[in-house]
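Data first, discussion second: the structure below is written as structure tokens.
2 protein chains.
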Amino acid sequence: MQITSEALERAIEELARLPGTGRKSAQRIAIHLLKQSEERVLTLAETLIQLKKSVSRCSVCGTITDRDPCPICNNPKRVNGTICVVEEFQDVYIIEKTNEFRGRYHVLGGIISPLENIGPDDIRIKELLTRLNSEEEDIQEVILALNPDAEGEATSYYINKLLLNYDVRVTRIAYGIPMGTELEFIDEATLSRAFASRTAF
Amino acid sequence: MQITSEALERAIEELARLPGTGRKSAQRIAIHLLKQSEERVLTLAETLIQLKKSVSRCSVCGTITDRDPCPICNNPKRVNGTICVVEEFQDVYIIEKTNEFRGRYHVLGGIISPLENIGPDDIRIKELLTRLNSEEEDIQEVILALNPDAEGEATSYYINKLLLNYDVRVTRIAYGIPMGTELEFIDEATLSRAFASRTAF
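As structure tokens, this is what we get:
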């Protein structure tokens with residue numbers, strides 16, 4: 001096999017390292033970029049460099065931000081006293097999209113997982129307790145919004161147990177049948193959960 | 001919705017413009033890059049810039065290359081006198097991977113398509129005829145390797161007709177049952193073609 005362009009080959013190799021991008025999609029992306037104007041490709045490259053250079057973690061909530069504290073922690077219009085605990089910053093993103101929650105966040109930056117050797121000290125639980133002790137934040141409610149899998153459950157139980165010592169209401173988001181689906185397609189674990197968590201009509 | 005990082009937002013927007021990358025995959029790629037070292041992200045960005053800056057078309061065969069003429073046209077070990085005609089440079093790539101063909105290529109850079117208003121003059125057919133007239137190349141055989149769809153067929157017929165005036169053998173790659181599949185899963189058009197093109201055992 002003879003390669004006619006080393007530059008193309010290198011670009012394909014680099015792109016194929018991205019998640020969800022096999023060699024074929026990397027090839028398609030490289031060919032697409034070849035057809036774009038130089039300006040567009042420069043913009044893409046520059047954006048990726050900026051992403052890495054200007055983004056860090058908020059020292060309060062732990063989410064990804066260009067400024068510290070992040071615009072959510074820094075926004076006086078966000079309801080003080082309510083904290084939503086999530087596993088990672090992308091969850092903040094997802095919850096923000098619903099426009100449902102007006103409080104602040106706490107990003108754990110991981111989940112307790114004995115199998116992967118991640119204990120309570122490896123995620124931002126201490127930082128959560130510090131915030132609970134802060135008079136400025138005056139936290140009334142902690143909403144747990146972790147993923148409904150074994151690690152998420154274990155971490156939720158762990159945090160809930162810790163917070164028994166604090167004068168704070170601990171809640172969790174509802175797990176049940178997703179909207180717009182048919183019961184037929186729901187797995188048994190979700191259905192059991194939906195029955196156990198039934199509410200008055 | 002409150003955005004905590006403009007840089008992340010811009011990166012997701014840019015990545016979502018790539019082919020086969022929706023907003024969700026763009027988000028996944030951006031988050032992945034955030035977790036990489038700055039050096040790795042710089043390498044990726046630099047590679048994309050180089051891709052655009054150093055790659056052009058070979059003036060002989062029309063494929064993508066960093067040097068003109070391309071390493072295939074320039075390789076004295078490649079069989080002179082046999083040209084394989086393909087639609088786009090990625091086809092060169094695919095054929096080279098088989099290590100089956102040792103001649104040279106001619107990339108049309110498109111296909112005759114009345115529906116998309118692409119005629120014979122819009123693709124590199126004139127350049128093919130120039131090569132056929134060249135004494136240096138001394139072409140004995142033109143192998144047509146276009147896609148087996150309506151446009152590929154029409155373009156193959158068109159080129160074949162033009163080449164009747166030249167002292168050159170015109171062949172096409174075999175279309176038939178792909179290796180490793182079962183007849184059960186083959187569409188009728190392919191099966192008909194396989195019967196019509198049957199060869200002596």
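Residue numbers (full-length UniProt numbering), protein chains in the order written: chain A, 1 to 201; chain B, 1 to 201. All C-beta atoms, glycine included, are put in the ideal place defined by N, C-alpha and C.
Express the C-alpha separation of Ile-139 of chain A and Gln-50 of chain B in angstroms, rounding to a whole number.
-> 52 angstroms
Which residues in the same chain as Ser-5 of chain B place their Cβ atom closer than 6 angstroms to its Cβ, once the five residues preceding and following it in sequence are excluded?
-> none
Between the region 130 to 139 of chain B and the region 88 to 102 of chain B, do three or more beta carbon pairs fall short of 8 angstroms?
-> no
Segment contact, 8 angstroms Cβ cut-off, at least three pairs: the region 73 to 87 of chain B with the region 101 to 110 of chain B = yes
Is Thr-21 of chain B helix, strand or coil by DSSP?
-> coil
Can you find a CB in chain B that lies within less than 8 angstroms of the CB of Glu-14 of chain A?
-> At least one CB atom of chain B sits nearer than 8 angstroms to the CB of Glu-14 of chain A.
Does Glu-6 of chain B come within less than 8 angstroms of chain A when only Cβ atoms are used?
-> It does: the Cβ of Glu-6 of chain B has a partner Cβ on chain A nearer than 8 angstroms.
Using Cβ-Cβ distances below 7 angstroms, what residues of the region 29 to 47 of chain A are close to chain B?
-> Ile-29, Ala-30, Ile-31, His-32, Leu-33, Leu-34, Glu-38, Val-41, Leu-42, Thr-43, Leu-44, Ala-45, Thr-47
Could you say which of A:Pro-69, A:Ile-159, A:Ile-173, A:Thr-155 lies nearest to Ile-3 of chain B if we only look at CA atoms?
-> A:Pro-69
Mapping DSSP to helix, strand and coil, what is Leu-48 of chain B?
-> Three-state DSSP puts Leu-48 of chain B in a helix.
Closer than 8 angstroms to chain B by CB, Ser-25 of chain A | yes
Thr-21 of chain B versus Ala-30 of chain B: straight-line alpha-carbon distance, rounded | 12 angstroms
Kindly say whether Glu-96 of chain B, judged by its beta-carbon, lies nearer than 8 angstroms to any beta-carbon of chain A.
-> yes
Looking at the C-beta of Ser-113 of chain B, does it have a partner C-beta in chain A at a distance below 8 angstroms?
-> False, the Cβ-Cβ gap to chain A never drops below 8 angstroms.
Other residues of its chain near Tyr-158 of chain A: CB distance less than 7 angstroms, five sequence neighbours each side excluded = Ile-112, Pro-120
Near Ile-64 of chain A, which residues of its chain fall below 6 angstroms by C-beta distance, leaving aside the five closest residues on each side in sequence?
-> Contacts found: Val-55, Phe-89.
Interface residues of chain A around Asn-147 of chain B at Cβ under 9 angstroms?
-> None at all; the shortest Cβ gap to chain A is about 16 angstroms.
Could you name the residues of the UniProt zinc finger region "C4-type" (58 to 73) of chain A whose beta carbon sits closer than 8 angstroms to any beta carbon of chain B, in the order they occur along the chain?
-> Cys-58, Thr-63, Ile-64, Thr-65, Asp-66, Cys-70, Pro-71, Ile-72
Return the bridge partner residues of Val-168 of chain A from the DSSP annotation.
-> DSSP output for Val-168 of chain A lists no bridge partner at all.
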